[in-house]
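Note sheet for the following structure.
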Amino acid sequence: MNSSSYIAALEISGGAVLVFALLTLWRRDVKANVRMLRLQGVSLACVAGVLALHQHDLGLAVTAVLVLSVKGFVAPELLHRVVRRDPRSRETAPLVNVPASLVTAAALIVISYAVSTKIIALAPSPPTRLVPIGVATILVGYFMLVTRRRAVSQIIGLLLVDNGIALVTFLLTAGVPLIVELGASLDVLLVVVVLQVLLANMRERLGTTDLDQLRELRD
Amino acid sequence: MDLALLSLVLCIVGALLALSLNGSVRVVVTGIVGIAACLGALAAALRVLIDGNSVSFHSTLLLPLSGIDLTLDPLGALFVAVTSIVGIASCLYYIGYARDESGSRLSLSMFMLFLLSLLLVPMASSVMTWMFAWEIMALSSMLLITTEHRHSQAARRAALWYGVMTQLGAGSILLGFLIMTLPAHAQTFTLLEQHAGGLTSLERSAAFIFSLIGFASKAGAVPLHVWLPKAHPEAPSPISALMSGSMVALGIYGIIRVGLTLLGGGSLWWWLVVTSLGVASALFGALHATTSTDIKRLLAYSTIDVMGLVLLGVGAAGAMAATHHHEVAHLAMVASLLLIVAHSGFKGCLFLAAGAIERSTGTRNLDQLGGLLSRMRVTAIVFVVATLSVMAVPLFSGFSSEWLLFEGLLGGFISHNSATSIAMLVSVTALALTGGLTAIAFVKAFGIAFLGQPRSSNAEHARDASPTMGVAMFFLCIPSIVLGLAPGSVIPLLNRASDVGLRLHVASPLRPGAGLDLLSSRGSIEPLLILAVGVIASLGLWGLLRLVARGGVRRAAAWSSGRDVLTPRMQYTATSFAEPLQRVFVDVLRPDNDLDVTHESESRYYEQHLAFLNRVDDTIENSIYQPVIKLVRRAGTAALRLQNGSIHRYLALGFIALLVVLVVLT
């Protein structure tokens, strides 16, 4: 792969990660959100794949496959099952409405470009220049975590944060050791499974998955 | 070193056995393994003390990154020996003592870990090893204090106080060590000592003060002592004995190791600070000991008092070393070390005896005891020996060590520095006053508990301690008697420890021999001679009385003027015994007196019911610690407003914090 197409491929796949994050924030339909998450996972795997091709790194290639399977298929599939069981699969009332969310997201992207300048200055290279995208994905995911009421949306927000962290890791270190990546991925999978069970219980007991109802549980 | 390592391994084996065995076997096996470990450590320590050669051990396997560094030099070996002597008695005593909670898996395994840490701290020769051992010591002893947590709220509170104080202290010590590692870029004590010259004087002082705060708090120095009178009474008695005899002494060890050895003595004012801490602790501890009615609390305050005296000695030694009066420094250091050894013996013994009393009567309150002399013979005998020792009566260990301390402090007058002279003057006065107060406290403890008539039915039906407990208590009497009769026999060992501590090589200030004979010929004591004269004189007196008083002897209750009309209510109580003194020191003690009178409904001139309450709380706790606690509690209540149970709010707080950190950092 020559240099210019490598950079282009990296930019496109990296940019796609952020775009899907923003699309998740835009759509209120949970089913659509899960679809976005799946596409984001695939884009993330593409980033890892492009890096692996460029650096001829077998470990990174295995990581890419791992990311594709866990973040592109298994985790979204599990979420999809949760959503299918819940008939009201629409985010009813986010704490911040969609237009305002998108404006905030724009501000967050600006902030992430501002805070990443120092990191880029440490070692300027095509992958590190994309670090702000990863940081922005983390912040957008976190924002979603804060403003959405439905438990499923919260899981999606958490997975966005995780994808963002993974993206930053790939861009900065060209992939952490395989065993660490394996551990992190399995951790996320575990979180999804636990939350899936928790949600089922919650729906059974409370008849809702609105997290604000949990406020009564305080002491 | 092999022997020392073996004993450490034995402690771990003991802890594992305590976790895995069932039933009464558990206590016996763990106790025996503990005794074996202590015997091994004692042998290793004595070998080092007699040869004067240090041994060391390094392994990278045990602690990640830094490895573990152990060195047994004469100074550390002295403390290992002290721990093992108290440890042997505690393990033996525990076999007879353990019951329900105190015999549980958790308590026994923590006991073994505590023993391990007490042996490990004096051997540690790098910062990591030291902090590791120190933390094991703090955590295991904290869990041991909570042994009775199911029944006693006091135990839970004591553990909390202890936990907070010990963690703050450990943090402070760590800070001190961190400053010391600045120039050396290394963490072994040898390298720290070599590079100590690279510190600026401000850094040296900061390092000393931080570590002093931590160590003084462990040693129970006023005003950092608040945990001690709470924690010692609540722990099971063998643990109290170890805590008081050994753990508290490790605080002193820390001051000597860091201040004199690693930082090489430093400035004069450091040691004047240590001396003033000592004066405050000695007086405060002795005063509170006289007014305490809880027997273990009394012993705990007496621990503060004795550790105050040791601090006086260490402070004097440091001050003399800083002004280049090496021989006096040496004398003061030897005196302090002798006092530590003596204290571990008699205070350990007293705590074990107090445990026996508590076991047999179910109370620690002196006002409920009385008449135990005829009911608990063995306990009474050991209590008398230990009491005579703590009161510094000649022929017992307390006397030898305090006499030597007096000589050391008086020697300090040769200093031409007026501040030092004044400090020494105050110290001598404090030492003398403390001696008097301690005598009152222990006359009270023995008189009220063992003499007279029982003040409650529990005391009336008291039974003596089990044989293993008795043997353990007798074992701890040995140091009191040996150090009392032949203090000169251990002086060569203490000399070696003192040489290491002060990093000086001065000839012994004492002539060799069983007694104490100062080279500067200002004074000498030959306890064996005193004993011989005393025995001959009493035999003569006894014979004379037999000759003169030929008539029959009429027996009646003591102090009843020959009439048998005394009731238990007519006796002195612990409270009334201390009352005159409490009146004299009312400004320091600030006792809480409360008289509640209920009148007859017909007339106000007749009382139906009178309730009198007298309580002496710790003034320092009330005036310094309680305001801080109140402030923290108020801050906590204010912070509760942030917490309304909404997950979104918590997430939002996290998100905002993340953004703020990101923006601030760039």
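Residue numbers (the numbering used here), protein chains in the order written: chain A, 106 to 324; chain B, 47 to 712. The C-beta atom is built at its ideal place from N, Cα and C for all residues, glycine as well.
1) Starting from B/N660, trace the beta strand (DSSP E) in both directions and tell me its first and last residue.
2) Which same chain residues, not among the five before or five after B/L564, have their C-beta less than 7 angstroms away from its C-beta?
3) Work out the CA separation of A/T168 and A/V285 for me, nearest whole Å.
4) Just curious, the beta strand (DSSP E) that B/V536 is in, first and last residue?
5) Which residue from B/S607, B/A365, B/P279 and B/L309 puts its Cα closest to that of B/V319?
6) Just reading off the alpha helix (DSSP H) that B/I160 is part of, what are its end residues?
7) Using DSSP with H/G/I as helix, E/B as strand and the rest coil, what is A/T222?
8) Please tell me whether B/T349 and B/V294 are closer than 7 angstroms, where the distance is taken between their beta carbons.
9) So, with DSSP's three-state summary, where would you put A/L272?
10) I'd like the ranges of any beta strand (DSSP E) spanning at least 3 consecutive residues and lying wholly in the stretch 626-694 of chain B.
11) Tell me, which residues are paired with B/T234 by DSSP?
12) Leaving out the 5 sequence neighbours to the left and right, which residues in its chain are closer than 6 angstroms to B/A265 when beta-carbon positions are compared?
13) Buried or exposed for B/V380, please, with buried defined as at least 16 other CB atoms from any protein chain shown within 10 angstroms of its CB.
14) DSSP puts B/L556 in a beta bridge; with which residues?
15) Among residues of its own chain, excluding the 5 on either side of B/P341, which ones have a beta-carbon nearer than 7 angstroms to its beta-carbon?
16) Hey, would you say A/G246 sits closer than 7 angstroms to A/V220, going by beta carbons?
17) DSSP three-state call for B/D340: helix, strand or coil?
18) I want to verify the contact list: residues of chain A whose CB lies under 7 angstroms from the CB of B/A684, in sequence order.
19) Does the CB of A/Y111 have a neighbour CB from chain B at under 7 angstroms?
20) How should B/F1 be labelled, buried or exposed, when 16 other C-beta atoms within 10 angstroms of its C-beta is the threshold for buried?
21) Decide yes or no for the touch test of the stretch 207-222 of chain A against the stretch 655-664 of chain B: beta carbon pairs closer than 8 angstroms, at least 3 of them.
22) So which residues on chain A does B/L704 lean against when the C-beta distance must stay under 9 angstroms?
23) Leaving aside the five residues before and after A/R132 along the sequence, list all residues of the same chain whose C-beta is less than 8 angstroms from its C-beta, in chain order.
24) Residues of chain B with a CB under 8 angstroms from the CB of A/I216: which are they?
25) Between B/G417 and B/G498, how many whole angstroms is the CB-CB distance? I'm expecting something under 8 angstroms.
26) Find the residues of chain A that neighbour B/T514, judging by a C-beta separation of less than 8 angstroms, and give them in chain order.
27) What residues from chain B crowd round A/K176, counting only those whose CB sits closer than 8 angstroms?
28) Name the residue from B/S163, B/V173, B/L56 and B/V71 whose alpha carbon lies nearest to the alpha carbon of B/G113.
29) Quick one: residues in its chain with C-beta nearer than 6 angstroms to the C-beta of B/T619, no 5 flanking neighbours on either side, listed in chain order?
30) Rounded to the nearest angstrom, what separates B/H462 and B/V431 at their Cα positions?
31) Taking the beta carbon of A/L149 as the centre, do at least 16 other beta carbons fall within 10 Å, making it buried, or is it exposed?
32) Any Cβ of chain B within less than 7 angstroms of the Cβ of A/L250?
33) Spatial neighbours of B/M289 within its chain, please: CB distance less than 8 angstroms, with the 5 preceding and 5 following residues excluded, ordered by chain position.
34) Using DSSP with H/G/I as helix, E/B as strand and the rest coil, what is B/H370?
35) Can you tell me whether B/Q672 is buried or exposed, with buried defined as 16 or more other CB within 10 angstroms of its CB?
36) Which one or two residues does DSSP pair with B/N411 in a beta bridge?
This is what the structure gives:
1) Against the second sequence, residue 660 of chain B aligns to sequence position 614. From DSSP, the beta strand (DSSP E) with B/N660 extends over E653 to R661.
2) As a working note, residue 564 of chain B is residue 518 in the second sequence. The answer, listed in chain order, is E453, P555, L556 and S570.
3) For the purposes of this step, residue 285 of chain A is taken as residue 180 along the first sequence, with counting starting at 1. For the purposes of this step, residue 168 of chain A is taken as residue 63 along the first sequence, with counting starting at 1. Between A/V285 and A/T168, the C-alpha separation is close to 10 angstroms.
4) Start at 1 with the first residue of the second sequence, and residue 536 of chain B comes out as number 490. Per DSSP, B/V536 belongs to no beta strand (DSSP E) and is neither H nor E.
5) Taking the second sequence and counting its residues from 1, one reaches residue 319 of chain B at position 273. Among B/S607, B/A365, B/P279 and B/L309, the Cα nearest to that of B/V319 is on B/A365.
6) For the purposes of this step, residue 160 of chain B is taken as the residue at position 114 of the second sequence. This sequence places Phe at residue 160 of chain B; Ile is not what is there. First-last of the alpha helix (DSSP H) with B/F160: R151 to L166.
7) Working through the first sequence from its first residue, we reach residue 222 of chain A at position 117. A/T222 falls in the helix class under three-state DSSP.
8) Along the second sequence, read from residue 1 onward, the residue named residue 349 of chain B stands at position 303. Along the second sequence, read from residue 1 onward, the residue named residue 294 of chain B stands at position 248. Cβ atoms of B/T349 and B/V294: closer than 7 angstroms.
9) By 1-based counting over the first sequence, the position of residue 272 of chain A is 167. Here A/L272 sits in helix by DSSP.
10) 638-645 and 653-661
11) To locate residue 234 of chain B, count along the second sequence from 1; it is residue 188. Its beta-bridge partners are B/S172.
12) Taking the first residue of the second sequence as 1, we reach residue 265 of chain B at position 219. Same-chain partners within the cutoff: V294, G297, I298 and M353.
13) As a position in the second sequence, residue 380 of chain B is number 334, starting the count at 1. Buried, since its Cβ has 16 or more Cβ neighbours within 10 Å.
14) Against the second sequence, residue 556 of chain B aligns to sequence position 510. Partner(s): B/L564.
15) In the second sequence, residue 341 of chain B corresponds to position 295, counting from 1. A small correction: the amino acid at residue 341 of chain B is Ile; Pro does not occupy that position in the sequence shown. Around B/I341: A400, I403, R410, L412, A491 and A495.
16) As a working note, residue 246 of chain A is residue 141 in the first sequence. As a working note, residue 220 of chain A is residue 115 in the first sequence. Not a contact, by the Cβ cut-off of 7 angstroms.
17) Start at 1 with the first residue of the second sequence, and residue 340 of chain B comes out as number 294. The answer is strand: DSSP assigns B/D340 an E or B state.
18) Within the second sequence, residue 684 of chain B is the residue found at index 638, counting from 1. Near B/A684 there are no residues of chain A at all, since even the closest Cβ is about 16 angstroms away, more than 7 angstroms.
19) Along the first sequence, one-based indexing puts residue 111 of chain A at 6. Chain B contact via Cβ: absent.
20) With chain B running from 47 to 712 in the structure shown, residue 1 of chain B is simply not present.
21) no
22) Position 658 of the second sequence, counting from 1, holds the residue named residue 704 of chain B. Simply I243, L244 and Y247.
23) Working through the first sequence from its first residue, we reach residue 132 of chain A at position 27. Cβ within range, chain order: N138 and M141.
24) The residue labelled residue 216 of chain A in the question sits at position 111 within the first sequence. L705, L708 and V709, listed in chain order.
25) By 1-based counting over the second sequence, the position of residue 417 of chain B is 371. By 1-based counting over the second sequence, the position of residue 498 of chain B is 452. B/G417 to B/G498, Cβ: 6 angstroms. Contact.
26) Walking along the second sequence from the start, residue 514 of chain B turns up at place 468. Within chain A, no residue comes near B/T514; the closest Cβ sits about 48 angstroms away, beyond 8 angstroms.
27) If you number the first sequence from 1, residue 176 of chain A lands on position 71. Correct list: empty, because the minimum Cβ distance to chain B is about 22 angstroms.
28) For the purposes of this step, residue 113 of chain B is taken as residue 67 along the second sequence, with counting starting at 1. When each option's Cα is compared against that of B/G113, the closest is B/V173.
29) Taking the second sequence and counting its residues from 1, one reaches residue 619 of chain B at position 573. So the list reads D413, once near-sequence residues are dropped.
30) For the purposes of this step, residue 462 of chain B is identified with residue 416 of the second sequence, where counting begins at 1. For the purposes of this step, residue 431 of chain B is identified with residue 385 of the second sequence, where counting begins at 1. Cα to Cα, B/H462 sits roughly 41 angstroms from B/V431.
31) As a position in the first sequence, residue 149 of chain A is number 44, starting the count at 1. Buried, by the Cβ-count rule.
32) Here residue 250 of chain A refers to the residue found at position 145 when the first sequence is read from its first residue. So, interface residue.
33) By one-based count along the second sequence, residue 289 of chain B stands at place 243. Answer for B/M289: S187, A277, H278 and A281, listed in chain order.
34) Mapped onto the second sequence, residue 370 of chain B falls at position 324. DSSP places B/H370 in coil when its eight states are reduced to three.
35) Stepping through the second sequence from its first residue, residue 672 of chain B is reached at position 626. Result: exposed.
36) For the purposes of this step, residue 411 of chain B is identified with residue 365 of the second sequence, where counting begins at 1. BP columns for B/N411 point to B/D340.
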